[in-house]
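Line by line, the protein sequences give chains X and G. Mapped onto the numbering used here, the consecutive letters of the first sequence carry residue numbers 105 to 232. Mapped onto the numbering used here, the consecutive letters of the second sequence carry residue numbers 5 to 584. Idealized CB from N, CA, C, for every residue including glycine.
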Amino acid sequence: MLRLINLAVIGALVLAAAWVYEIKYSSTRQAERVAKLRAEIRRERDTIAALRAEWAQLDNPDRIQILARRHLTLKPIEPTQFDTLERLPDKPIDIVPPGTADPIAALIEIMVDPEVVTNGVTDPEASQ
Amino acid sequence: MSVAQVIASERPVGPTRRRLVHRLLYGRNVDRSAKTRARIALAIAAFATVYAVIALRLVLFAVAPESHAARRTGSQDAVATARPDILDRNRQVLATDVRMPSLFGEPRKVIDVDEATELLTAVLPDLDSGEVRERLGSKRGFVWLKREIKPQQQHEIHRLGIPGVGFLSENKRVYPNGAEVSHLIGHVNIDNQGIAGIEKWLDDRGLADLHRAGFASDRQQTPIELAVDLRVQHALRDELIAAAEKFKAKAAAGLVVDVNTGEIISMVSVPDYDPNNPRQANDPTRINRLTTGVFELGSTFKALTVAMALDSGKITLNSSFDARVPLRYGKFNISDYHAQRRIMTVPEIFTYSSNIGTARMALALGVEHHKWFLRKVGQLDRLRTELPESAEPLVPKRWGELNTVTIAFGHGLSVAPLQAVMGINALVNGGYLIPPTFMKRSEQEARALATQVIRPETSEKMRYLFRLNAEKGTANKADVKGFYVGGKTGTSEKVVGGRYSKTKLLTTFTAVMPCDKPRYQVLIMLDEPQPLKETHGYATSGWNAAPTAGKVIARIAPLLGLEPRFELPPAERLILARGQ
Numbered sequence: 105m106l107r108l109i110n111l112a113v114i115g116a117l118v119l120a121a122a123w124v125y126e127i128k129y130s131s132t133r134q135a136e137r138v139a140k141l142r143a144e145i146r147r148e149r150d151t152i153a154a155l156r157a158e159w160a161q162l163d164n165p166d167r168i169q170i171l172a173r174r175h176l177t178l179k180p181i182e183p184t185q186f187d188t189l190e191r192l193p194d195k196p197i198d199i200v201p202p203g204t205a206d207p208i209a210a211l212i213e214i215m216v217d218p219e220v221v222t223n224g225v226t227d228p229e230a231s232q
Numbered sequence: 005m006s007v008a009q010v011i012a013s014e015r016p017v018g019p020t021r022r023r024l025v026h027r028l029l030y031g032r033n034v035d036r037s038a039k040t041r042a043r044i045a046l047a048i049a050a051f052a053t054v055y056a057v058i059a060l061r062l063v064l065f066a067v068a069p070e071s072h073a074a075r076r077t078g079s080q081d082a083v084a085t086a087r088p089d090i091l092d093r094n095r096q097v098l099a100t101d102v103r104m105p106s107l108f109g110e111p112r113k114v115i116d117v118d119e120a121t122e123l124l125t126a127v128l129p130d131l132d133s134g135e136v137r138e139r140l141g142s143k144r145g146f147v148w149l150k151r152e153i154k155p156q157q158q159h160e161i162h163r164l165g166i167p168g169v170g171f172l173s174e175n176k177r178v179y180p181n182g183a184e185v186s187h188l189i190g191h192v193n194i195d196n197q198g199i200a201g202i203e204k205w206l207d208d209r210g211l212a213d214l215h216r217a218g219f220a221s222d223r224q225q226t227p228i229e230l231a232v233d234l235r236v237q238h239a240l241r242d243e244l245i246a247a248a249e250k251f252k253a254k255a256a257a258g259l260v261v262d263v264n265t266g267e268i269i270s271m272v273s274v275p276d277y278d279p280n281n282p283r284q285a286n287d288p289t290r291i292n293r294l295t296t297g298v299f300e301l302g303s304t305f306k307a308l309t310v311a312m313a314l315d316s317g318k319i320t321l322n323s324s325f326d327a328r329v330p331l332r333y334g335k336f337n338i339s340d341y342h343a344q345r346r347i348m349t350v351p352e353i354f355t356y357s358s359n360i361g362t363a364r365m366a367l368a369l370g371v372e373h374h375k376w377f378l379r380k381v382g383q384l385d386r387l388r389t390e391l392p393e394s395a396e397p398l399v400p401k402r403w404g405e406l407n408t409v410t411i412a413f414g415h416g417l418s419v420a421p422l423q424a425v426m427g428i429n430a431l432v433n434g435g436y437l438i439p440p441t442f443m444k445r446s447e448q449e450a451r452a453l454a455t456q457v458i459r460p461e462t463s464e465k466m467r468y469l470f471r472l473n474a475e476k477g478t479a480n481k482a483d484v485k486g487f488y489v490g491g492k493t494g495t496s497e498k499v500v501g502g503r504y505s506k507t508k509l510l511t512t513f514t515a516v517m518p519c520d521k522p523r524y525q526v527l528i529m530l531d532e533p534q535p536l537k538e539t540h541g542y543a544t545s546g547w548n549a550a551p552t553a554g555k556v557i558a559r560i561a562p563l564l565g566l567e568p569r570f571e572l573p574p575a576e577r578l579i580l581a582r583g584q
């Protein structure tokens with residue numbers, strides 16, 4: 105009985121030792137990975153910063169102005185070129201409702217409809 | 005059992021516990037099974053202690069996560085300290101850190117100096133081989149070989165595998181916009197410490213202490229957002245450079261300020277310098293004229309005098325003053341530049357920029373009132389902003405009536421232009437004196453800081469006086485149609501050798517837009533502009549600073565989100581409509 109317990113305890117000890125060993129190594133691996141990722145993040149961040157700096161340099165208004173003067177025919181905007189949305193004329197009314205299958209046919213139909221004929225045109229049937 | 009009892013009785017009696025242990029472990033007469041149990045218990049206790057120590061150690065390792073790998077990467081940088089990025093109000097980068105590798109050598113570890121030198125100079129052709137050989141041959145532990153090399157070069161040198169040569173990455177401050185915002189953000193020295201402008205302010209705010217303590221080597225710091233708008237800054241600078249060139253001025257300076265919040269949207273003083281090459285900054289002609297220089301601003305000050313008069317309640321827009329003859333004061337003779345030689349009302353005095361009229365206005369209220377008012381609008385004390393550079397106004401020590409007479413039209417009191425801008429802001433924004441700032445600020449925050457210095461009604465009158473001046477006064481060349489610009493010209497003679505010079509002028513122009521509900525103020529200042537053929541030989545403000553301001557406004561108003569409006573009535577009718 106005692107021997108059996110002893111054997112079980114020894115077995116548990118070996119297992120525990122193996123388990124601890126495994127944990128230790130996996131934690132070392134994890135730590136190394138963390139350090140590596142950290143270094144990578146740092147490098148990425150540095151690269152981003154460098155690229156942002158370069159972008160800002162390329163985006164510098166002074167440089168853009170020189171390029172625009174050389175390559176574009178655009179001119180600085182004048183105050184008279186501004187207008188407000190309120191002063192925009194109204195959108196023309198649709199004669200034909202949108203989504204009609206044959207808009208031209210619908211248009212002709214509306215034109216010949218006696219009710220929309222204006223005063224200027226006399227209805228030949230009515231005058232008879 | 006009986007034998008054991010006999011032997012036990014023969015033994016001498018010692019301290020009970022010791023005897024018990026001794027007997028249990030070694031006693032021949034002790035029962036075997038009891039002995040075994042005691043031994044097992046001892047073994048269990050010993051193992052338990054060992055396991056407890058191991059467990060404790062594991063817990064300690066888990067609590068302190070510092071590993072060797074982390075420490076190894078940490079030692080590669082942290083040479084030069086990091087600084088937060090500086091952004092403009094639209095989050096455009098004004099200043100940022102870029103990490104640059106630097107090449108160093110450890111001469112004691114170098115095996116073959118000649119070979120190392122040869123290999124290094126092959127990769128870095130601009131390296132002086134004699135110098136490298138001398139440095140690597142020295143007995144020192146550490147030598148810099150080259151600061152700030154390219155990543156590509158670092159890679160190549162790394163590939164060579166020269167012993168005793170290594171890299172350290174350092175933070176280098178770069179200003180991608182070059183001279184565009186130089187005076188505003190300032191610059192840093194080789195060790196990344198701020199020595200001027202906003203950079204210095206950052207250090208004074210605690211960054212320097214962080215650096216000294218060894219923190220802040222990473223770029224994980226929240227960026228600083230300034231109130232400045234890079235696009236406006238560029239437009240202003242571009243126009244100022246053009247104006248300085250056209251009028252052959254020694255220097256030019258400009259400011260754009262939000263009237264309601266005190267935010268400085270743009271500040272330019274040319275000639276300026278490139279903060280990436282800060283050596284130029286020491287040149288005294290490149291100082292920031294707007295904060296570190298004090299000037300007699302001339303007629304611009306008349307706006308303050310007129311506001312004081314209207315705010316006193318004793319003088320109204322209908323009051324009139326005698327400007328028929330020059331005002332004699334002691335041996336001084338005060339005359340008008342645009343002399344009308346008649347009795348003028350307050351709006352006429354303002355639009356014709358009459359020295360006599362404003363002097364009489366100030367005299368009518370008395371010296372003490374004048375002094376009190378100027379102190380109230382912040383013209384007599386040093387103005388402090390985030391910038392470390394500031395200048396004390398030059399106030400006359402004994403302030404008599406003559407001083408009041410001359411200060412009324414802007415001579416005899418030198419102030420920093422930024423200070424005058426703050427005062428004029430208060431005249432048009434409803435009477436709130438708001439300290440200017442380079443940081444972003446909302447209208448509510450500004451209101452909390454503001455002090456009411458003139459009545460809102462007076463402020464309203466001042467707006468229309470400014471507008472009137474642009475419609476029919478000296479400021480008409482700055483009137484950009486559609487933005488309802490108002491303004492005041494100012495021309496002062498510079499003091500040369502203790503006397504006012506007739507040819508060396510300082511011209512300023514203060515513009516307010518839009519005048520019915522002001523949002524921005526623009527100040528333009530030209531130092532010693534020369535008369536041109538197209539200005540008909542004049543070098544006064546209305547001929548150079550005012551048109552420059554007009555050009556600036558036409559460019560920046562759309563950027564600032566101002567809509568042009570053409571239906572606004574002329575100012576004169578508005579004054580009449582609102583009563584006096």
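Check: Quick one: what does DSSP say residue 191 of chain X is sitting in, helix, strand or coil?; Outcome: helix
Check: Between the region 257-273 of chain G and the region 223-241 of chain G, do at least 3 Cβ pairs fall closer than 8 angstroms?; Outcome: yes
Check: Under 8 angstroms by Cβ, that's how I've got residue 525 of chain G and residue 261 of chain G pegged, so tell me the actual separation to the nearest angstrom.; Outcome: 5 angstroms
Check: Okay, do the region 297-314 of chain G and the region 401-419 of chain G touch, 3+ Cβ pairs below 8 angstroms being the bar?; Outcome: yes
Check: Can the beta-carbon of residue 245 of chain G be found less than 7 angstroms from the beta-carbon of residue 263 of chain G?; Outcome: no
Check: Nearest-angstrom Cα distance between residue 390 of chain G and residue 206 of chain G?; Outcome: 9 angstroms
Check: Where does residue 133 of chain G fall in DSSP's three states?; Outcome: helix
Check: So which residues on chain X does residue 234 of chain G lean against when the C-beta distance must stay under 8 angstroms?; Outcome: 165
Check: To the nearest angstrom, how far is it from the Cα of residue 382 of chain G to the Cα of residue 315 of chain G?; Outcome: 16 angstroms
Check: Can you pull the chain G neighbours of residue 180 of chain X, defined as C-beta to C-beta under 8 angstroms?; Outcome: 558, 559
Check: If the criterion is Cβ atoms closer than 7 angstroms, does the pair residue 201 of chain G and residue 188 of chain G meet it?; Outcome: yes
Check: Would you report the Cα separation of residue 319 of chain G and residue 313 of chain G, rounded to the nearest angstrom?; Outcome: 6 angstroms
Check: Closer than 7 angstroms, CB to CB, is residue 181 of chain G near chain X or not?; Outcome: yes
Check: Taking 7 angstroms as the CB-CB cut-off, is residue 551 of chain G touching chain X?; Outcome: no
Check: Just to confirm before moving on: does the CB-CB distance between residue 183 of chain X and residue 400 of chain G stay below 7 angstroms?; Outcome: no
Check: Looking only at its chain, what residues have a beta carbon closer than 6 angstroms to the beta carbon of residue 495 of chain G, apart from the 5 residues adjacent to it on each side?; Outcome: 302, 509, 511, 544, 545
Check: Can you name, in chain order, every residue of its own chain whose Cβ lies under 7 angstroms from the Cβ of residue 427 of chain G, other than the five neighbours on each side?; Outcome: 308, 381, 382, 383
Check: Please report how far the alpha carbon of residue 357 of chain G lies from the alpha carbon of residue 227 of chain G, in whole angstroms.; Outcome: 46 angstroms
Check: In chain order, what residues of the same chain lie with their CB nearer than 6 angstroms to the CB of residue 96 of chain G, ignoring the 5 residues before and after it?; Outcome: 234
Check: Just mark residue 105 of chain G as buried or exposed, buried being the case when its beta carbon has 16 or more other beta carbons within 10 Å.; Outcome: buried
Check: With 7 angstroms as the threshold, decide whether the Cβ of residue 161 of chain X is near any Cβ in chain G.; Outcome: yes
Check: Determine which residues of the region 482-495 of chain G have a Cβ less than 8 angstroms from any Cβ of chain X, and write them out in chain order.; Outcome: 484, 485, 486, 487
Check: Pick helix, strand or coil for residue 513 of chain G, following the three-state DSSP scheme.; Outcome: strand
Check: What number of angstroms, rounded off, separates the C-alpha of residue 140 of chain X from the C-alpha of residue 148 of chain X?; Outcome: 12 angstroms
Check: Out of X/108, X/134, X/156, X/165, point me to the one whose CA is closest to residue 103 of chain G's CA.; Outcome: X/156
Check: Could you tell me the boundaries of the alpha helix (DSSP H) in which residue 215 of chain X lies?; Outcome: 207-216
Check: Using a cut-off of 9 angstroms between C-beta atoms, extract the partners of residue 156 of chain G located in chain X.; Outcome: Under the 9 angstroms cutoff, chain X gives no residues; its nearest Cβ is about 13 angstroms from residue 156 of chain G.
Check: Name the chain X residues that come within less than 9 angstroms of residue 573 of chain G, Cβ to Cβ?; Outcome: The contacting residues do not exist; residue 573 of chain G stays about 18 angstroms from chain X at best.
Check: Which value, in whole angstroms, describes the spacing of the CA atoms of residue 118 of chain X and residue 143 of chain X?; Outcome: 37 angstroms
Check: Find out if the Cβ-Cβ distance for the pair residue 174 of chain G, residue 192 of chain G is shorter than 7 angstroms.; Outcome: no
Check: Report the residue ranges of all alpha helix (DSSP H) runs contained in full by the region 87-129 of chain G; include only those spanning at least 4 residues, in chain order.; Outcome: 117-127
Check: Starting from residue 524 of chain G, trace the beta strand (DSSP E) both ways and give me its first and last residue.; Outcome: 524-531
Check: Suppose contacts are defined by Cβ-Cβ distances below 7 angstroms. Is residue 239 of chain G in contact with residue 451 of chain G by that definition?; Outcome: no
Check: Any chance you could list the alpha helix (DSSP H) runs of at least 4 consecutive residues sitting entirely within the region 445-528 of chain G, in chain order?; Outcome: 447-453, 460-476
Check: For residue 210 of chain X, decide whether its Cβ has a neighbour in chain G, counting only Cβ atoms nearer than 7 angstroms.; Outcome: no
Check: Which partner residues does residue 171 of chain G have in the DSSP bridge list?; Outcome: G/107
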